[in-house]
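Numbering (my numbering), first residue to last: 32 to 90. Just below is one structure, and these are the notes that go with it.
Below you can see the structure in the form of structure tokens.
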């Protein structure tokens with residue numbers, strides 16, 4: 032079974048799986064914490080972006 036990064040590379044994206052242990056997201060009114068299931072660094076139109084997939088937990 033191919034990883035998500037491998038599937039994106041087949042479509043022409045420069046993608047790499049990276050390890051992210053924990054993320055805290057501060058919005059205007061709420062704070063969330065997340066331990067991502069998938070963490071990808073993808074280059075889109077010359078910019079590197081971070082894609083995180085996981086459940087948000089209210090902090």
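Backbone N, C-alpha and C fix where the C-beta goes; we use that ideal spot for every residue, glycine too. Keep in mind it's a predicted model, so treat the numbers as computed, not measured.
If you check the CB distance, residue 64 and residue 79 do not come in under 8 Å. Non-local C-beta neighbours of residue 55 in its own chain, meaning closer than 6 Å and more than five positions away in sequence, comprise 64, ordered along the chain.
Burial state of residue 39 is buried, judged by a 10 Å Cβ sphere holding 16 or more other Cβ atoms.
According to DSSP, residue pairing for residue 46 in a beta bridge involves 73. In the structure shown, residue 81 adopts extended strand secondary structure according to DSSP, grouped into three states.
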